[in-house]
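S.K.: Okay, handing you the structure first.
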Amino acid sequence: MELTDLKVFMAIIDEGNITRAAEKLGYVQSNITMRVRKMESELGAQLFQRNPKGVIPTEKGLVLSNYASDILLRMDEAIRAVKEPDYPCGPLVIGVVETVASSGPFIRALSKFQSKYPEVALSLITGTSPVNYEKVLNRQLDGAFFTGEFDLSQLQVAYEIREEVVLLTAADGNEPAIFPDVENTAWVVFSKGCPLRATIEDWLHSVSATPTNIVEISTLETMLNCVRAGIGYTLLTKSAVAVNDDRVQAHPVPEQYKFTTTRLVSRKAQFHSKTFAAFAECVRETGI
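Reminder that position 277 of the sequence shown reads as 262 in my numbering, one-by-one numbering, no gaps.
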């Protein structure tokens, strides 16, 4: 059995269809079918069974897929390790959450990184914490920032910071600071899965309230503009709010919701990219 056979096998599993796998790999369908039959003959086991939509792996096929995925990953890491130059260069894809992407320290870290390593083609992809987490696990990102608690067993933490969470309301210059009524207000939030949205829901649940008036948005600036306009309240990390923004007012939250952790992570691997390591170093030096 050759590595190419394993690539064909995994392509069929990914596509769920031999014809689509052949198109993806640039092979004729008969070649794919022949390789599968050859593998099944060598292993003495049926690897796929047909269904109306294509094929699905058998129990033995699922066993092989676990090993094949690891083998192909290790081979890819080996090739990258051998080919990698002695200095940071090439593409680097990093996932960021809105609260990090807009922070002054992070922008300074980017500026420092680009100035120091001009041969790196850096791509920043904005996403929610759960999306970034899944994309790192699925190797769609070289690294990512996310906020909140996730299973880190398959990840390597390159940087982390404990951040204070505050309740934001529109500023009212004519009235003294009064703690807002969180039970009877609209809430401006990111999409489902956002850790701070979950915190809002937990907080309201603790006081026997339900968030019924929800304004869901996708960018930090839109969120802040909604709060400034008095449309609703929100929870944000304190670092995400400009210190000179006099159109919003920050209030402390109950102790159990007062802090969250933001991390920069990569997937655990034997090969660690010099390019990602250099990026992480700039983040550690500058902070976020």
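Where a beta carbon is used, it is the ideal one built from N, C-alpha and C, also for glycine.
The structure presented is a predicted model; accordingly, all values stated were derived computationally and were not measured.
#1: Please name the residue, chosen from Ala194, Leu95, Ala86, Arg35, that lies closest to Thr247 on a Cα-to-Cα basis.
#2: Assuming Cys267 and Phe98 form a contact by the criterion Cβ under 8 angstroms, report the distance between their Cβ atoms to the nearest whole angstrom.
#3: Whose C-alpha, out of Phe131, Ser96, Val121, Pro73, is nearest the C-alpha of Val105?
#4: Taking its Cβ as the centre, do 16 or more other Cβ atoms sit within 10 Å of Asn117, making it buried, or is it exposed?
#5: By the three-class DSSP mapping on this structure, what secondary structure does Phe91 have?
#6: Ordered along the chain, which non-local residues of its own chain (more than five positions away) have a Cβ less than 8 angstroms from that of Thr84?
#7: DSSP three-state call for Gly46: helix, strand or coil?
#8: Can you round the beta-carbon distance between Ser50 and Pro42 to whole angstroms, since I take them to be within the 8 angstroms contact cut?
#9: So, with DSSP's three-state summary, where would you put Val226?
#10: Only counting the same chain, and skipping five residues up and downstream in sequence, which positions put a Cβ closer than 6 angstroms to that of Gly272?
#11: Should Ile3 be labelled buried (16 or more other beta-carbon atoms within 10 Å of its own) or exposed?
#12: Val228: buried (16+ other C-beta within 10 angstroms of its C-beta) or exposed?
#13: Go ahead and label Asp127 buried or exposed: buried means 16 or more other beta carbons lie within 10 angstroms of its beta carbon, across all protein chains shown.
#14: Within 10 angstroms of the Cβ of Ala6, are there 16 or more other Cβ atoms? Answer buried if so, exposed if not.
#15: Would Pro161 be called buried (16 or more neighbouring beta carbons within 10 Å of its own) or exposed?
#16: Identify which residue in Thr170, Ile202, Ala156 has its Cα closest to the Cα of Ala194.
#17: For the pair the region 59 to 73 and the region 175 to 190, tell me if three or more CB-CB distances fall below 8 angstroms.
#18: Does the Cβ of Ala129 have 16 or more other Cβ atoms within 10 Å, making it buried, or fewer, making it exposed?
#19: For Arg93, which residues of its own chain have a beta-carbon under 6 angstroms away from its beta-carbon, when the five flanking residues on both sides are left out?
M.R.: Inspection of the coordinates gives the following:
#1: Ala86
#2: 4 angstroms
#3: The candidate whose alpha carbon is nearest that of Val105 is Pro73.
#4: Here Asn117 is buried. Its C-beta has 16 or more other C-beta atoms within 10 Å.
#5: Three-state DSSP puts Phe91 in a helix.
#6: The residues are Thr132, Leu205, Leu221, Thr222, Ser224, Ala225, Thr247.
#7: helix
#8: 6 angstroms
#9: coil
#10: Result list for Gly272: Pro90, in chain order.
#11: buried
#12: exposed
#13: buried
#14: buried
#15: Because the pLDDT of Pro161 is 48, which lies under 50, any placement of that residue in the model is unreliable, and the question is left without a value.
#16: Thr170
#17: Output reads no: the region 175 to 190 does not touch the region 59 to 73.
#18: buried
#19: Thr271
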